[in-house]
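Protein chains in written order, with my numbering: chain A, 37 to 343; chain B, 84 to 406.
For every residue, glycine included, the Cβ atom is placed at its ideal position computed from N, Cα and C.
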Amino acid sequence: MGRYVARRLLLTIPVMLGASILIFSMVYALPGDPIRALAGDRPVSPAVVQVLTERFNLDEPLWVQYWEYLKGLFQGNLGTDFRGRPVLDTIERTLPVTIKLTIVAVIFEIIIGLTAGVLAGIRRNSYFDNLVLVSTTVIVAIPILVLAFLAQLLFGLKLGWFPIAGTREGWYSYVLPGLVLASGSLAYVARLTRTSIAENLRADYVRTARAKGLPPRRIIVQHTLRNSLIPVVTFIGADIGSLLGGAIVTETVFNLPGIGREVFDAIRAQEGAVVVGIVTLMVFFFIFFNLVVDVLYAVLDPRIRYD
Amino acid sequence: MTDQQQADLRKDEVEAGTTTGLASPSVDPTSARQNSLWSDAWAALKRNPLFWIGGILTLLFTVMAIAPQLFARGQDPRACDLSNSRALPSAQHWFGYDVQGCDYLSNVVYGARNSLLIGVFAVVVILVLGVAVGAIAGYFGGVTDGILSRIADIFYALPLILGALVLLRVGPETSIPIINSRGPGAVALALALFGWMTAMRLVRSQVIAVKSSDYVAAARAMGAGNTRILVRHILPNAVAPVLVYTTITIGVIIAAEATLTYLGVGLQRPAFSWGLQIEAGQDAIRSAPHLVLFPSIVLTLTVMAFILMGDALRDALDPRQRA
Numbered sequence: 037m038g039r040y041v042a043r044r045l046l047l048t049i050p051v052m053l054g055a056s057i058l059i060f061s062m063v064y065a066l067p068g069d070p071i072r073a074l075a076g077d078r079p080v081s082p083a084v085v086q087v088l089t090e091r092f093n094l095d096e097p098l099w100v101q102y103w104e105y106l107k108g109l110f111q112g113n114l115g116t117d118f119r120g121r122p123v124l125d126t127i128e129r130t131l132p133v134t135i136k137l138t139i140v141a142v143i144f145e146i147i148i149g150l151t152a153g154v155l156a157g158i159r160r161n162s163y164f165d166n167l168v169l170v171s172t173t174v175i176v177a178i179p180i181l182v183l184a185f186l187a188q189l190l191f192g193l194k195l196g197w198f199p200i201a202g203t204r205e206g207w208y209s210y211v212l213p214g215l216v217l218a219s220g221s222l223a224y225v226a227r228l229t230r231t232s233i234a235e236n237l238r239a240d241y242v243r244t245a246r247a248k249g250l251p252p253r254r255i256i257v258q259h260t261l262r263n264s265l266i267p268v269v270t271f272i273g274a275d276i277g278s279l280l281g282g283a284i285v286t287e288t289v290f291n292l293p294g295i296g297r298e299v300f301d302a303i304r305a306q307e308g309a310v311v312v313g314i315v316t317l318m319v320f321f322f323i324f325f326n327l328v329v330d331v332l333y334a335v336l337d338p339r340i341r342y343d
Numbered sequence: 084m085t086d087q088q089q090a091d092l093r094k095d096e097v098e099a100g101t102t103t104g105l106a107s108p109s110v111d112p113t114s115a116r117q118n119s120l121w122s123d124a125w126a127a128l129k130r131n132p133l134f135w136i137g138g139i140l141t142l143l144f145t146v147m148a149i150a151p152q153l154f155a156r157g158q159d160p161r162a163c164d165l166s167n168s169r170a171l172p173s174a175q176h177w178f179g180y181d182v183q184g185c186d187y188l189s190n191v192v193y194g195a196r197n198s199l200l201i202g203v204f205a206v207v208v209i210l211v212l213g214v215a216v217g218a219i220a221g222y223f224g225g226v227t228d229g230i231l232s233r234i235a236d237i238f239y240a241l242p243l244i245l246g247a248l249v250l251l252r253v254g255p256e257t258s259i260p261i262i263n264s265r266g267p268g269a270v271a272l273a274l275a276l277f278g279w280m281t282a283m284r285l286v287r288s289q290v291i292a293v294k295s296s297d298y299v300a301a302a303r304a305m306g307a308g309n310t311r312i313l314v315r316h317i318l319p320n321a322v323a324p325v326l327v328y329t330t331i332t333i334g335v336i337i338a339a340e341a342t343l344t345y346l347g348v349g350l351q352r353p354a355f356s357w358g359l360q361i362e363a364g365q366d367a368i369r370s371a372p373h374l375v376l377f378p379s380i381v382l383t384l385t386v387m388a389f390i391l392m393g394d395a396l397r398d399a400l401d402p403r404q405r406a
């Protein structure tokens, strides 16, 4: 196990380097002039241009710029944006918002997705089962963008239950965006749980449990559920990695100052250092949670052995 | 085995919930004609209502993309009168008017063309990239596979929207053709460039699964070259899963296009695009919610059409799920 984890950790290094080079070259290889973009219509004095060019190595070849960036990265220095604010501060300011949003989304996945999946799986082909099947198909097909506006219109404006923008009301303002962000995964969790439960209910050990006269509730909770939840738990784990990086639309529509909206603003303003820093962080989350899930799989299911 | 025994065995198996296959041998030697995967699949598809819903919607939106004037109820999407700005839907104008006072139904209908064009074009590029890279990686294995798979990992770790967002933001300032055009081609290429990895993995795993089988060895013994073995003997195995993936991906790409356009890096005004319409309508979401609602509904129906068809195809083509 230890060797497996070590090997996987080593494999993440080229992937993270590759992803950051990819983003870095897209952001910095462009012939546009970020200094002019920063200044807008106002004239910039040649001295300012020179200082900024030197500080950000804008006249060096791309690989030199990347090397300088990498050197800083290993010293915990993600660079600064063009206004001189450290990128690390920007991440520290925005990351908590995204983490809160992800937590709310995962709670929705567990509460709604798991419950619907378990009930549908136990009563297969019932009215409720068909309802879950149809509604998950529909939810998966609705783009997040549309879902966000529908949620704003219905729960925010028509019913007035939830705030539709900003974070002023604390955790309460995360409910609506969290639900929207979770929707796709929630539907998938419901389907995964349903299939998994239905499959395990036919397994030999469930038949044995029934044969020795255990009450149905105990068969479901103690025997079926435990085994059925292994794929679901691992899916939710991997999903955390995607949710942390995939909230650009949700955060923009609901006006939440998280890393998704920050990176979107930085892309528009061509703030290279911010874009590269946040994207590399998102890639790290994605890889890290996938690794955690693979390890978790072996812990939860003793039949799986690495090495 | 008599018929009665056979029936008993089947009943036992159904009750026990196990299928050993004894009761229903998959190959019936007495049958003169054996059904192929595709005729079985078609038979299953015909019985699936979701397939028909998806198919009819797809047909509808394809016709809409080719000949939008058929659906515009005689209105010109560019004929606008500011005095009608944000007017609500009426019997004459089913979708009402947009901010500029243009008939909204015709504007929404004309948006189908760009969405479908981008969806189909992006998927074609994804298929070409995915099949080529996946086949090479799976067939040659070793170092080639290692490098190509790591490259796919790198792209996989970047969220689709994020990668396309960066490329489309810097695209117009570069001298790369198509990417610098701000048109449907640029959006489709950007989405394909960050979306080919799943197709590659699908093809790669299929190639690895069959490349050591006997008929491939036989083809090689007959003197067939690598290209011929790949194209004639190995890749046809991947057609079914790739077809399912392709259908669903058209829907996913259409949703991603609307999102990128909404975020301001996709199609630009004065193009007809549901993303642009949603973006323009969001400022008036309190007073004129229909401006966001109608393009949203049509966009969702289009995406749903392809996803429903893909789901139905998967159910029909995957024999393991067939009852």
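Interface criterion met: the Cβ of A/Arg304 is under 8 Å from a Cβ in chain B.
For B/Asn190, the enclosing alpha helix (DSSP H) begins and ends at 187-223.
DSSP, reduced to helix, strand and coil, places A/Pro122 within a strand of the structure shown.
Among the residues facing chain B, A/Ile143 is not included, as its CB has no counterpart in that chain under 8 Å away. B/Ala292 sits exposed, since fewer than 16 C-beta atoms from the chains shown fall within 10 Å of its C-beta. Using a CB distance cut-off of 8 Å, A/Leu58 counts as an interface residue toward chain B. For the options B/Leu171, B/Gly217, B/Ala240, B/Asp181, the alpha carbon positioned closest to that of A/Val51 is the one of B/Ala240.
Spatial neighbours of A/Ala187 in its own chain (CB-CB distance under 6 Å, excluding positions within 5 residues in sequence) are listed in chain order as Leu212, Val216. Using a CB distance cut-off of 8 Å, A/Gly281 counts as an interface residue toward chain B.
Residue pairing by DSSP places B/Tyr180 opposite B/Asp186 in a beta bridge. Here A/Ile175 has Ser219, Ala223 as same chain residues with Cβ atoms under 6 Å from its own Cβ, once five neighbours each way along the sequence are excluded. With 16 or more other Cβ atoms from the protein chains shown falling within 10 Å of its own Cβ, B/Gln158 counts as buried. The DSSP-derived three-state label of A/Thr316 is helix.
By the CB criterion at 8 Å, B/Thr385 and B/Ile337 fall inside the cutoff. Chain-order list of chain A residues neighbouring B/Ile262: empty, with the shortest C-beta distance near 11 Å, by a criterion of under 8 Å. Straight across, the Cα-Cα distance linking A/Leu167 with A/Thr173 is about 10 Å.
DSSP, reduced to helix, strand and coil, places B/Thr257 outside both helices and strands of the structure shown, so it counts as coil. Residues of the segment 171-193 of chain A with a Cβ closer than 8 Å to any Cβ of chain B, in chain order: Thr173, Val174, Val176, Ala177, Ile178, Pro179, Ile180, Leu181, Val182, Phe185, Leu186, Gln188, Leu189, Leu193.
Under the Cβ distance rule, A/Thr260 does not count among the residues neighbouring chain B, no pair being separated by less than 8 Å.
In this structure, A/Pro293 is the residue among A/Pro293, A/Arg253, A/Arg246, A/Ile178 with its C-alpha nearest to the C-alpha of A/Ala201. The C-beta separation of B/Ala155 from B/Ser189 comes to about 4 Å, placing the pair in contact by the 8 Å criterion. The residue from B/Ser168, B/Ile390, B/Tyr180, B/Thr329 with its alpha-carbon nearest to that of B/Met280 is B/Thr329. In this chain, the alpha helix (DSSP H) harbouring B/Trp121 covers 120-129.
Between B/Val214 and B/Ala282 the beta-carbon gap is near 7 Å, inside 8 Å, which marks them as a contact. The Cβ-Cβ distance between A/Leu327 and A/Val269 does not fall below 8 Å.
In the three-state DSSP reduction, A/Thr288 falls in the helix class (H, G or I). Annotation: Cβ neighbours of A/Phe300 in chain B (cutoff 8 Å, chain order): Leu248, Leu346.
DSSP, read as helix, strand or coil, puts A/Thr203 in coil. For the C-beta of B/Leu391, the chain A residues within less than 8 Å are, from N- to C-terminus, Thr173, Ala177.
Comparing alpha-carbon positions, the option among A/Leu53, A/Ile57, A/Met37, A/Val63 lying closest to B/Glu256 turns out to be A/Val63. In chain order, Pro179, Ile180, Leu181, Val285 make up the part of chain A whose C-beta sits under 8 Å from the C-beta of B/Thr342. A/Ala226 has its alpha-carbon roughly 10 Å from the corresponding atom of A/Ser171. In this structure B/Phe204 is not in contact with B/Ala388, their Cβ atoms being roughly 18 Å apart against a cut-off of 8 Å. Close partners of A/Thr288 in chain B (Cβ separation under 8 Å): Leu346. In this structure, A/Phe191 sits away from A/Val289, with a CB-CB distance that is not shorter than 8 Å.
Distance between B/Lys294 and A/Arg262, taken at the CA atoms: about 38 Å.
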